[in-house]
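Trainee: If you're matching positions, the sequence shown starts at 1141 in the working numbering and goes up one per residue. Glycine included, every Cβ here is placed at the ideal spot set by N, Cα and C.
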Amino acid sequence: MSIKPTYKDLERRVRELEKERADRMRAEEALKENERKCRAIFDQTYQFIGLLTPQGILIEVNRTALKFIGVNASDVLGKPFWETPWWIHSTELQQRLRDAVKEAAEGRFVRFEATHPGADGTLRSIDFSLKPVEDETGKVVLLIPEGRDITDRKLSEEALRQSENTARALLDAPTDSAMLLDPEGNVLAINKVAAEKLDKTVSELVGRSIFDFMSRDVNESRRERFAMAARSRLPVRFEDQTGGRFYDNNLYPILDTVGRVIQVAVYGRDITDYRLAVASLQQRTDDLAESEEKYRTLVENVPVVVYRMNTNGVILFVNQIVHDLFGYSPDEIMQSPSLWHERVYEADRLYVEELRTSCFREGKEFVAEYRVKHKSGHIVYVTDHAIPVRLANGPVRSVDGFIMDITGRVKLQEKLVRAEEIKTISEVSARLAHEIRNPLVSVGGFARRVLATMSPHDPNKSRIDIIIKEVSRMEAILRMILSYIQPLELNLSLTDLNCLVEAVVESVNSEVEQRKVTVSLNLTPDLPLLAIDRAQMGHAVEILLKNALRQLPEGATLSVATSTKNGMFTLDIRYPVEAMSPDDVEHFFYPFKWTRTTQEIVDLPLSKILVDKHGGAIDVILTKSNELTIHVILPL
């Protein structure tokens, strides 16, 4: 007979059921949480993962795989795996996958390399595998396809292979011995040349200590040098001899990121032939030294320029005397071949080039006189005797030449001619000036008397004024002519050129203010004193400055600078000009010119005469930017 449950039993049973219900709910929630985690891992992994039925139907796939080909899950789930976008690009791979599914369904793990097209259409290399999942009875119930993108790894492997092939080619290509050793001296790599010198193959040496195969006479010394390179972490170079051959050895330590020596590169070159050649050359050099010294002593002390030029116009040799003629040292001439040709005066350059070309082409020697522009700017007159040097029954290989300074002779000739010309011109000019002055005095006096008797309102009064002004201008020109032809005597005294320039600038200050221009002085301090006629040179500088002020545009700047260079004092007057042509520059010092604004006569010839009288020179340079420079040089 069954006992009826009491109320307490029922109450206890209810509590047990509620507890079971709560436990089941917690278990279900934990299961859901675990499923969410698994799904997150499933979708976030970098690998391609899915689930297949044993028949190969795709039932799950993670987001990584979907994103790779750019499709949604609905586009591929429920389809045979080999008909999805990962595989349809290759019928060969589709068949390979079908076979793999059959193998995996029988419980075997399958792995092979495949390719999958990405969303951008490029094929990527994939490490693909199929893993069977069995139930408790051993039956395969699921297949897990997994793929890893190994494209970058394969590219790296290919690059590494190419790098290794290149390294091997570079190692084997040289005719020198080359090897790579670890810090203990074991061979990591070695080229065929080095292996053959040791009577071994490459494979016999790799992994072995190199010192096990070296000759006894150099083994210990080379081991010490190797230890030195590894210890100091610095390259070591040394020469030694073994087997009757000389070797130049170079050891280069290779460091890791923390500075430890991990490898040592070793290069050895057989320099036996080189050493023999050096010894032979040294003997020949010693034999030639004495005769060469005698020749050089002669060449360096002869008072003419001695040179040798090759067929390209390059100076192969020139003695020290070239510095006196050109202003450049022999090294400067030989390092800059164009200097030799560029320093020939422009008007003579074509003539000289034709002579040199004929000398090389036809083997004709020549003697020519021409002008050379010294580095400091002055002209040097030279005579050049060039003699072609031929190979035996062959073409001209070079030209030997001798250049002599004939400036003194030319200047003396010019002075003699000029003195005679000036004497004649002076006599004619004086007589001509006298003959012109008398009528001018009469015309001027008569015009002034007529003007004094005329009424202020006389219509001819302006004409008489013109006559008087023109007569006055002609009288001024005659005075200039007479001043040019009169003998000029200089009273020389030691003078500070900077003080002289400052005084002249101060004297023209009123004209500077009137023209509303600016004067910029850049005077080099501590210049040596010059022996000049202070009054005459001051007058020359004043003429140049006043002429510059008349030519300057209003508001412009007049720059005045002094300096010394190559034993010469230089004065540079630089200012902008308007509407000046190269022809104006060429005739800058012609007499009887007047400025662009007035008909005032500018006595520029006198400034040139005064500078020339002091042994100096004036050059006028017009730049493309219409800036005029008056360059005055005086000997120190």
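(1) Any chance the stretch 1508-1523 sits against the stretch 1531-1541, with 3 or more Cβ pairs inside 8 Å?
(2) Are the CB atoms of THR1702 and THR1763 within a distance shorter than 8 Å?
(3) Just how far apart, CA to CA, sit ALA1259 and SER1214?
(4) Starting from the N-terminal side, write out each stretch of the beta strand (DSSP E) that is 3 residues or longer and does not extend beyond the stretch 1192-1252.
(5) Whole beta strand (DSSP E) runs in the stretch 1617-1684 with 3 or more residues, listed along the chain?
(6) Is the stretch 1316-1333 close to the stretch 1280-1293, with three or more CB pairs under 8 Å?
(7) With three or more beta-carbon pairs closer than 8 Å as the criterion, would you say the stretch 1272-1291 touches the stretch 1365-1373?
(8) By Cβ distance, which residues of its chain are closer than 8 Å to ILE1546, with the 5 residues on each side in sequence left out?
(9) Using a 10 Å radius around the Cβ and a threshold of 16 neighbouring Cβ atoms, would you call PRO1745 buried or exposed?
(10) Using only the alpha-carbon positions, how far apart do LEU1150 and ARG1203 sit?
(11) Return the chain-ordered ranges of every beta strand (DSSP E) run that is complete within the stretch 1368-1403 and spans a minimum of 3 residues.
(12) Mind checking LEU1456: buried by the 16 CB within 10 Å criterion, or exposed?
(13) Express the C-alpha separation of PRO1477 and LEU1637 in angstroms, rounding to a whole number.
(14) Closest Cβ-Cβ distance between ILE1607 and chain B: below 8 Å?
(15) So, helix, strand or coil for GLU1158, using DSSP?
(16) Note down the Cα distance separating PHE1378 from SER1355, rounded to an integer number of angstroms.
(17) Once DSSP output is grouped into helix, strand and coil, what is the label at PHE1268?
(18) Helix, strand or coil for ARG1603, going by three-state DSSP, please let me know.
(19) Can you have a look at GLY1190 and say buried or exposed, based on whether 16 or more other CB atoms are within 10 angstroms of its CB?
(20) Across the stretch 1491-1506 and the stretch 1679-1699, are there enough close Cβ pairs to call them in contact, namely three or more that are closer than 8 Å?
(21) Rounded to whole angstroms, how far is the Cβ of ARG1236 from the Cβ of ILE1266, which I believe are closer than 8 Å?
(22) Going straight from the alpha carbon of GLY1261 to that of ALA1245, what length do you get?
(23) Buried or exposed: where does ASP1471 fall if 16 or more other Cβ atoms within 10 Å of its Cβ makes it buried?
(24) What span of residues does the beta strand (DSSP E) with GLU1509 cover, start to end?
(25) At 3 residues or longer, and completely inside the stretch 1311-1351: list those beta strand (DSSP E) runs for me, N to C.
(26) DSSP puts THR1697 in a beta bridge; with which residues?
(27) Smallest Cα separation from THR1704: which of GLU1629, THR1635 and SER1516?
(28) Measuring straight from C-alpha to C-alpha, what distance separates PRO1220 and GLU1286?
(29) Which same chain residues end up closer than 7 Å to TRP1480 when comparing Cβ atoms and leaving out the 5 residues on each side of it in sequence?
(30) Look at the alpha carbon of VAL1681 and the alpha carbon of ARG1537, and state the distance between them as a whole number of angstroms.
(31) If I follow the unbroken beta strand (DSSP E) through PRO1716, where does it start and stop?
(32) Taking 8 Å as the threshold (C-beta atoms), are VAL1772 and LEU1711 in contact?
(33) How is TYR1521 classed by DSSP in three states: helix, strand or coil?
(34) Sort TYR1147, GLN1195 and CYS1639 by Cα distance to LEU1669 and report the nearest one.
(35) Hey, could you find the ends of the beta strand (DSSP E) SER1469 is sitting in?
Mentor: In brief:
(1) With a cut-off of 8 Å, the stretch 1531-1541 and the stretch 1508-1523 do not count as touching, because too few Cβ pairs lie within range.
(2) no
(3) 17 Å
(4) 1198-1201
(5) 1633-1635, 1658-1663 and 1670-1672
(6) The answer is no - the stretch 1280-1293 does not touch the stretch 1316-1333, with fewer than three Cβ pairs under 8 Å.
(7) no
(8) GLU1509, TYR1521, VAL1522 and THR1523
(9) buried
(10) 52 Å
(11) 1376-1382 and 1385-1395
(12) exposed
(13) 38 Å
(14) Reference to chain B is not applicable here, since this structure consists of a single protein chain.
(15) Three-state result, GLU1158: helix.
(16) Approximately 17 Å, taken between the alpha carbons.
(17) strand
(18) helix
(19) Buried, by the Cβ-count rule.
(20) no
(21) Going by Cβ atoms, the distance from ARG1236 to ILE1266 rounds to 12 Å, so no, they are not a contact pair.
(22) 31 Å
(23) Only exposed fits ASP1471, as fewer than 16 other CB atoms lie within 10 angstroms of its CB.
(24) DSSP places GLU1509 inside the beta strand (DSSP E), whose first and last residues are 1506-1513.
(25) 1317-1321 and 1327-1330
(26) THR1658
(27) SER1516
(28) 16 Å
(29) Setting aside the 5 residues that flank it on each side, TRP1480 is surrounded in the same chain by ILE1455 and ILE1473, each with a C-beta closer than 7 Å to its C-beta; the list follows chain order.
(30) 53 Å
(31) 1708-1716
(32) yes
(33) strand
(34) Minimum Cα distance to LEU1669 is reached at CYS1639.
(35) Taken as a continuous stretch (DSSP letters only), SER1469 belongs to no beta strand (DSSP E), as it is neither H nor E.
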